[in-house]
Structures are given as structure tokens and as C-alpha cells.
Ligand code: DP6
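What follows is the structure, given as C-alpha cells:
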């Protein structure tokens, strides 16, 4: 027999960024962060996990290619889920799996992203969240979403926020064992559904500096990161929570743009400096800033993660249509575009 579960998880985009760890092994951050989870279907990971007495090894395929499972983050998540597995019974098929059996049974994992992997579009977030969620369902794990978020966190920090829809806060926590470093939902997906997110894919190439090594270098070498984590982010988290609660777009946009810019400033303050944005990214920022200034109040917010791709959040559908028109005019795409996955060709990279 084979028992399988398939799940789909959207990625999340941080509007107050996580950058820097206080514990590398457990993935504990140096500041809280807030993100918005995209609607299901767009930029998501689909994962199938299967278990069978016929399987001899744990195996994983990512986007059609088998990758090694030995050691590392996948293994940490798998171990954590296995240790919480509970008895499972399917009378019809005559399957009975006890807690002890789960320890011995091997799993096969197949995961597919419908967007560029490791190009700064938080692919690891959707991937690890989906892995943890589907394994938890398969192994009849009874833990709630926030406890599962603490497991996903050990796969990739940003993954803990993808266990929830809507607006999500990852609380950094204080405990050394990470038990209080969990994600909580600030508002569900219906709370502010006027917002439209457009992603301008400037490049789908793999980024040169991974988030993991980039943030390690930042913590070791940047002075600015200390100021950011201690003084700036705690204040911004409070303001962002209030802006989300009130659906106050001008404050939301001001905070999101400022936080993205400070994150990239901190990257520049790292030794050696990290450049995630490129000329096209900078031109998109100027375009949005000019438009917002011209309108007298923010219409669109921008935020960039560890790559050159722009995530543009417009206050409503009408603004999104105007924004797309403007982007298509100023940055003609080379591939098919729609409202949710807009592609900007960039010949320089
Ligand atoms: C810039 O979660 O990819 O997207 O915990 O080392 O796996 P690891 O890093 P990761 O870092 C994401 C950084 C970011 C900001 C954010 O998502 O908050």
C-alpha cells in the first residue's frame, strides 16, 4: 500500500523584513517580522508526500530533480514531524500505523514550485511550509498551526509565516530553545482584500548570495544591523500592526518601502557588500516614488527581498491596472504577463 497527502502553500512576502539570526541551528531571528501571504494558486509550492512499506529510503525530488536529503534542514523538519506522529488507521484499506511504525517507515517527497526558485521570491518559504504541513497531515500530527510554524522555521525562517494566510507576524521569541519563536496571524485573508500584488520578475536567475549566508555576513560585520534590530524594527512592527488593523494604506506603504530600503542598506553595510537589487530594480523604485509623490499620497508600495525582483502592492484593483499599464510602458516585458506574474526582461544580467 501507499498512503499519500498533497498540499499547496503560497509564498509570503515580508513587509517588515527578517534579516539576521541569533541562533543558526534553530533559526532564531534577531527581530520580529511581518508578511503578507499571497492568495493560493499564485507563486505557490505543491508538495506530495507518500509513505509505503516498500520504500527503503527517505527521498526528495524538487522541481523534477532528486536532491540529497542527508543532514540539513529538510532532515530537521522530517525528524521533528516524525517525533510527533500519532497512530493512524484506515479500516477500509486495512492499514494501521502506530507511532513506533512511523519511525521506521520511509517517505518520498515530490515538490514543485510554479515560480523561479532562489531568485529572491521566497521560494524556500512556500517550499518548507508546504513540506511541514503535508508531512504533519500524513503522519497524523495533532499540533496546531503555530506549533507547526516553529517546525517550518527550522527549515527556513521565512517559511514559518506561510502556515497562515493574510497578514502574519513571526515573533522572534526569547527562549534559547526557540519554543516561543512562532508565527501568529494578525489578520486573515479577507481583512484587506482590496490590495493587489504585482510581482515584476526582473530576473529569474539564481541569486548570487543566499539569504542564509548573506544574513550571517551581515550579523558578523554590519554596525547598522544592530541599530535596525534594536531601535528601528520594534517601533515599525507596532506601527505596521496598527496600519494593517486600520487598513491605513499610506502608513502601510511608507513603512513597507522604508523597511525594504533599510534592509538593502544593511546589505550594503555588510562586508563584503551584498547587492541584491540591480539598475532595473532602482528604476522601478524611482517610478513608484515619482507616482506616489505626484498623487500626493501613496498608491503603491514596493518591497524587494534577496534578489532584484520587485513586489509591488497597490491599494486597489484600479490602481493595479494603472500601475501595470505604466510598468508595461516603461519596462516592456519579454514574456507573457498577467496581473500577478509580470515579467520584466533585463538584458544586463
Ligand atoms: C529577505 O527565510 O530565506 O526574504 O532562514 O536562512 O532560510 P533562512 O533565510 P530566509 O530569509 C528570508 C529573508 C528575506 C526577508 C523575509 O522574508 O523576511
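In UniProt numbering, the protein residues as written are 9 to 357. The beta carbon of each residue, even a glycine, is placed where N, CA and C say it ideally should be.
* Asked: Quick one: what's got a C-beta closer than 8 angstroms to residue 74's C-beta in the same chain, skipping five residues either side?
  -> Within the same chain, Cβ atoms closer than 8 angstroms to the Cβ of residue 74 are found at 67 and 68, the five residues on either side in sequence being excluded.
* Three-state secondary structure (DSSP) at residue 185? -> Residue 185 falls in the coil class under three-state DSSP.
* To do: Within the same chain, show all residues whose beta-carbon is closer than 7 angstroms to that of residue 293, passing over the 5 residues directly before and after it, in chain order.
  => 310
* Asked: Thinking just about the alpha-carbon of each residue, which of 201, 123, 137 and 297 is nearest to the one in residue 213?
  -> 123
* To do: Evaluate the contact criterion for the stretch 274 to 288 versus the stretch 239 to 257: three or more CB pairs, one atom per stretch, below 8 angstroms.
  => The answer is no - the stretch 239 to 257 does not touch the stretch 274 to 288, with fewer than three Cβ pairs under 8 angstroms.
* To do: Compute the beta-carbon to beta-carbon distance between residue 136 and residue 85, rounded to the nearest angstrom, for a pair I have assumed lies under 8 angstroms.
  => 7 angstroms
* For residue 18, does the three-state DSSP call read helix, strand or coil? -> strand
* To do: Indicate, with yes or no, if the ligand DP6 has a heavy atom lying under 7 angstroms from the CB of residue 25.
  => yes
* Is residue 273 near the ligand DP6, with its Cβ less than 7 angstroms from a heavy atom? -> no
* With distances taken Cα to Cα, identify the nearest neighbour of residue 101 among 225, 9, 337 and 295. => 9
* To do: List in chain order: all unbroken alpha helix (DSSP H) runs of 4+ residues lying wholly within the stretch 121 to 170.
  => 131 to 146 and 153 to 161
* Asked: Per DSSP, residue 29 forms a beta bridge with which residues?
  -> 37
* To do: Put residue 253 into one of helix, strand or coil per three-state DSSP.
  => helix
* Asked: Can you list, in chain order, the residues of its chain whose CB lies under 6 angstroms from that of residue 340, leaving out five sequence neighbours each side?
  -> Non-local C-beta neighbours of residue 340 in its own chain, meaning closer than 6 angstroms and more than five positions away in sequence, are absent.
* To do: Please find out if some non-hydrogen atom of the ligand DP6 comes closer than 7 angstroms to the beta-carbon of residue 220.
  => yes
* Asked: Pick from 15, 45, 111 and 82: whose alpha carbon is nearest that of residue 21?
  -> 45
* Does the distance from the C-beta atom of residue 173 to that of residue 196 stay below 8 angstroms? -> yes
* Do you know offhand how far residue 14's Cα is from residue 56's? -> 4 angstroms
* Asked: For residue 112, does the three-state DSSP call read helix, strand or coil?
  -> Residue 112 sits in a helix when the DSSP states are folded into three classes.
* Could you tell me if residue 302 is buried or exposed, where buried requires 16 or more neighbouring beta carbons within 10 angstroms of its beta carbon? => exposed
* residue 164: beta carbon under 7 angstroms from a heavy atom of the ligand DP6? -> yes
* Apply the 10 Å Cβ neighbour rule to residue 65 and answer buried if 16 or more other Cβ atoms are within range, or exposed otherwise. => exposed
* Between which two residues does the alpha helix (DSSP H) containing residue 237 stretch? -> Counting along the chain, residue 237 falls outside any alpha helix (DSSP H), and DSSP gives it neither H nor E.
* Unbroken beta strand (DSSP E) runs of length 3 or more, entirely within the stretch 271 to 300: which are they? -> You should have found no qualifying run.
* Asked: Quick one: what's got a C-beta closer than 6 angstroms to residue 81's C-beta in the same chain, skipping five residues either side?
  -> 163
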